[in-house]
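Numbered by the working numbering, the letters in the sequence shown go through residues 11 to 291 in order. Only one structure is covered here, and it is reproduced in the block below.
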Amino acid sequence: MDRHPKLAAQAPPLDSQRPFVLDALGQEVSTKPQPRRILSLVPSVTEALFDLGLGDRLVGCTDYCISPAGGVQSLARVGGPKTIDIEKLLSLEPDLVLANQEENDKVQVEKLIHCEIRLHVALPTSVAAAAQFLMDLGYLTGATLPAEARAQQLRQVSASPAPSPIKAACLVWQSPFIVAGGDTLTSNLMAVSGFCNVFEDHAARYPRLPLELLKRSRAQILLLPTDPYPFTEQDVAALERQFRDTAVVIVKGEWLTWYGTRMATAIEGLRHLRANLCPPT
């Protein structure tokens, strides 16, 4: 059920006759016929489908699809995002498969393309692109009004003033340390939420860094999302011993790595976090 009925009622109708949408691979993905058996290979997309009122059309998802807890319990599981059981996926006879260029295995995605299944591969690297993905999801499924309402809400939240920026780095892995660089959704979410990514201009999207280079970044805040690496309070304590002049904060992984219907709430949460953080003196 749409959680924002007022926004949905005010949203202008989308072009329901749009014949296709372009995905991250440049594929023209047909919007017709309306899919009745959808399979999601991305946890955040699985959640978004339920939020858009499409849960009853989902026939399968990955082992890592955990939200909404009550909704995903009855779905068939097809493996991890990078270890999909292709035969099991095909046996479910989906008429639309939703994947991600970064989260899913390239070879497996190519196999699905060769199977001539209707496949949409996303890779939003900005809040604006994530809003467009929601609209495309509406075109693909026929859920145009709730999709437009969520996209409109996300644009409004991201366009509102953010707290003054503070220099920050977002770790996505350790041993070795890997941070979010530029041209990533994480970095853009940081920017609209009041965090200036000190690795925004790095040549790599997810650079691996030695400890000393991380220290020389002069980040005032180290953000430790709980996804994809499950950072804990023990990791916070260990990093605080290394970075005595830097605040180290655990953040919900979904706030910095998931795209879809929870992004507006994530930005609000990140901004609240930023507003309550001050550089150590």
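No residue lacks a Cβ here, since even glycine has one placed at the ideal position from N, Cα and C.
Check whether the Cβ atoms of Asn198 and Cys180 lie closer than 8 Å to each other. By one-based count along the sequence shown, residue 198 stands at place 188. By one-based count along the sequence shown, residue 180 stands at place 170. With a cutoff of 8 Å on beta-carbon distance, Asn198 and Cys180 are scored as not near each other.
Tell me where the alpha helix (DSSP H) around Trp265 begins and ends. On the sequence shown, position 255 is the one that residue 265 refers to. Segment Gly263 to Thr267, the alpha helix (DSSP H) holding Trp265.
Using the beta-carbon count (16 or more within 10 Å), is Leu282 buried or exposed? Indexing the sequence shown from 1 puts residue 282 at position 272. At residue 282 the sequence reads His, which differs from the Leu that was named. Burial call: exposed.
With DSSP run on the structure shown, which of helix, strand or coil describes Leu233? Here the question's residue 233 lines up with position 223 in the sequence shown. The answer is strand: DSSP assigns Leu233 an E or B state.
Assign Pro235 to buried or exposed, taking buried as 16 or more other Cβ atoms, counted over all protein chains shown, within 10 Å of its Cβ. Position 225 of the sequence shown, counted from the first residue, corresponds to residue 235. When all chains shown are included, Pro235 counts as buried.
May I ask you to report which of helix, strand or coil DSSP gives His130? Sequence index remark: in the sequence shown, residue 130 carries index 120 (1-based). Here His130 sits in strand by DSSP.
Does the count of Cβ pairs from the segment 159-168 and the segment 209-221 closer than 8 Å reach three? At 8 Å Cβ cutoff, the stretches do not touch.
Have a look at the DSSP bridge pairing and note the partners of Ser168. For the purposes of this step, residue 168 is taken as the residue at position 158 of the sequence shown. DSSP lists no partner for Ser168.
Contact check, Leu102 vs Gly70, beta carbons under 8 Å: Here the question's residue 102 lines up with position 92 in the sequence shown. Here the question's residue 70 lines up with position 60 in the sequence shown. Yes, Cβ-Cβ distance for Leu102 and Gly70 is below 8 Å.
Between Asp61 and Thr267, is the Cβ-Cβ spacing less than 8 Å? Residue 61 sits at position 51 when you count from the first residue of the sequence shown. Residue 267 sits at position 257 when you count from the first residue of the sequence shown. Their beta carbons are not under 8 Å apart, which means Asp61 does not touch Thr267 by this criterion.
Could you tell me which of Lys262, Leu232 and Glu57 sits nearest to Leu144, measuring between CA atoms? Position 134 of the sequence shown, counting from 1, holds the residue named residue 144. Here the closest residue by C-alpha is Glu57.
Does DSSP put Val154 in a helix, in a strand, or in coil? On the sequence shown, position 144 is the one that residue 154 refers to. The residue asked about is misnamed: residue 154 is Thr in this sequence, not Val. Thr154: helix per DSSP, three-state reduction.
With distances taken between CB atoms, is the gap from Ser108 to Ile48 smaller than 8 Å? Along the sequence shown, read from residue 1 onward, the residue named residue 108 stands at position 98. Along the sequence shown, read from residue 1 onward, the residue named residue 48 stands at position 38. For clarity, residue 108 is Leu in the given sequence; the question names Ser instead. For Leu108 and Ile48, yes; Cβs fall inside 8 Å.
Sequence-distant residues of the same chain with beta carbon closer than 6 Å to Glu250, five excluded per side: By one-based count along the sequence shown, residue 250 stands at place 240. Answer for Glu250: Val258, listed in chain order.
Just the Cα atoms here: how many angstroms apart are Arg228 and Asp245? Start at 1 with the first residue of the sequence shown, and residue 228 comes out as number 218. Start at 1 with the first residue of the sequence shown, and residue 245 comes out as number 235. Each residue's alpha carbon lies about 19 Å from the other.
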